[in-house]
Amino acid sequence: MRFFNPRDDLLITQRQLPHWSQSGSVVFVTWRTQDSMPKDVLAKWRAERNRWLVAHDIDPTQKGWKAKVQELPPDEMAEYHDHFTTRWHEELDACYGTCVLRQPELAMIVSDSLLCFHGDRYEMLSFVIMPNHIHLLVCFPGKTEMLAQCESWKRFTAKRINEILGTDGRFWQQDAFDHLVRHEAQYERLLDYLAQNPRRAQLRQGEYLLWSKHGAT
-16 MRFFNPRDDL LITQRQLPHW SQSGSVVFVT WRTQDSMPKD VLAKWRAERN
34 RWLVAHDIDP TQKGWKAKVQ ELPPDEMAEY HDHFTTRWHE ELDACYGTCV
84 LRQPELAMIV SDSLLCFHGD RYEMLSFVIM PNHIHLLVCF PGKTEMLAQC
134 ESWKRFTAKR INEILGTDGR FWQQDAFDHL VRHEAQYERL LDYLAQNPRR
184 AQLRQGEYLL WSKHGAT
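Going left to right, the sequence shown walks through residues -16 to 200 as the numbering used here numbers them.
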């Protein structure tokens, strides 16, 4: 396990979101279900974010805008994350949508998939399965594996969950949020964030699934 090193090779893949990956580095990943964010909530969040970016001379319609956020002075970057990254996760914790992952049987499908190749293709460190989204901390040995593995997890779990529910169509939102962890202190904060996420969302035991390599909950 290591943390992001700006001097080492870095792979940046541009999809709907930019994705940064680096061999062996811890990455924090979030996926959400297709119905987890109402259109009006999402539109308002994006409009406010875009106004903030333009006010700080960053064009959100141009590729590479996320990299420019990382180049902001520390106080401005902290302001951005306080206003928009934190609020995004708070909106997810409002548990919009059908929230089918409250069902232990369906959450276990996701858990089993995440742990299937733990210790082989990747090192799983911790994850929490919430009613409409997932957070995980994981290490991949190379910088090309992250996106392929995430697509594999999502494809397999969506197929199984749709089969059980008798539904079809897209289950997960197409793109995921990922962040290379910068240092030990940030890693510890994220471990605590995952552990406390169900309490902050006021979930009862059985409405979420929390796992850590240090012990399952």
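Note that the Cβ used here is the ideal one computed from N, Cα and C, for glycine as well. Just so you know, these numbers come straight off a predicted model, no measurement behind them.
With G80 and D18 assumed to form a contact (beta carbons below 8 Å), what rounded beta-carbon distance in angstroms separates them?
One-based indexing of the sequence shown puts residue 80 at position 97. One-based indexing of the sequence shown puts residue 18 at position 35. Indeed, because the Cβ distance is near 4 Å, the residues count as touching under 8 Å.
Between the region 173 to 184 and the region 114 to 127, can you find at least three pairs of beta-carbon atoms closer than 8 Å?
Judged by Cβ distances under 8 Å, the region 114 to 127 makes contact with the region 173 to 184, as three or more pairs qualify.
Using 10 angstroms around the beta-carbon of Q179, count the other beta-carbons present and answer buried if the total reaches 16, otherwise exposed.
Working through the sequence shown from its first residue, we reach residue 179 at position 196. Exposed, by the Cβ-count rule.
Strictly under 8 Å for the Cβ-Cβ distance: is Y191 near chain B by that measure?
The structure shown has no chain B; it contains just one protein chain.
Closest by CA to H64, which one among R32, D23, R153, E171?
Locating residue 64 in the sequence shown gives position 81, where the first residue counts as 1. For H64, the closest C-alpha among the options R32, D23, R153, E171 is that of R32.
Since S94 is in the alpha helix (DSSP H), which residue starts that stretch and which ends it?
One-based indexing of the sequence shown puts residue 94 at position 111. 87 to 98 is the extent of the alpha helix (DSSP H) around S94.
Under 6 Å Cβ to Cβ from W14, same chain only, skipping five residues before and after it: list those, please.
Along the sequence shown, read from residue 1 onward, the residue named residue 14 stands at position 31. Cβ neighbours of W14 beyond the five flanking positions: I117, W155, A159.
Can you give the Cα-Cα distance for H66 and A30, rounded to whole angstroms?
By 1-based counting over the sequence shown, the position of residue 66 is 83. By 1-based counting over the sequence shown, the position of residue 30 is 47. When rounded, the distance between both Cα atoms is 13 Å.
Outcome for D161 when other beta-carbon atoms lying within 10 angstroms are tallied against a minimum of 16
As a working mapping, residue 161 is identified with position 178 in the sequence shown. Classification for D161: buried.
Taking its Cβ as the centre, do 16 or more other Cβ atoms sit within 10 Å of M91, making it buried, or is it exposed?
Here residue 91 refers to the residue found at position 108 when the sequence shown is read from its first residue. Exposed: under 16 other Cβ atoms inside 10 Å.
If I measure Cβ to Cβ from W202 and keep anything under 6 Å in the same chain, skipping five residues before and after, which residues do I get?
In the structure as shown, the chain begins at -16 and stops at 200. Residue 202 is therefore absent and cannot be evaluated.
Contacts around W194, its chain only, beta-carbon distance under 6 Å, and the 5 residues preceding and following it disregarded:
By 1-based counting over the sequence shown, the position of residue 194 is 211. Closer than 6 Å at the Cβ level, and outside the excluded window around W194, lie F110.
Out of L98, E171, R104, K142, which has the shortest C-alpha to C-alpha gap to L192?
On the sequence shown, position 209 is the one that residue 192 refers to. Answer by Cα proximity: L98.
Between which residues of its own chain and Y170 is the CB-CB distance below 8 Å, once the five residues before and five after are set aside?
For the purposes of this step, residue 170 is taken as the residue at position 187 of the sequence shown. F(-14), V9, L120, V164, listed in sequence order.
If we call anything under 8 Å between Cβ atoms a contact, is E74 one with V24?
Counted from its first residue, the sequence shown places residue 74 at position 91. Counted from its first residue, the sequence shown places residue 24 at position 41. Their beta carbons are under 8 Å apart, which means E74 touches V24 by this criterion.
Inspect the beta-carbon positions of W35 and R70 and report whether they are closer than 8 Å.
In the sequence shown, residue 35 corresponds to position 52, counting from 1. In the sequence shown, residue 70 corresponds to position 87, counting from 1. Cβ distance not < 8 Å, so W35 and R70 don't count as in contact.
Can the beta-carbon of E134 be found closer than 8 Å to that of C122?
Position 151 of the sequence shown holds residue 134. Position 139 of the sequence shown holds residue 122. In this structure, C122 does not lie closer than 8 Å to E134 by Cβ.
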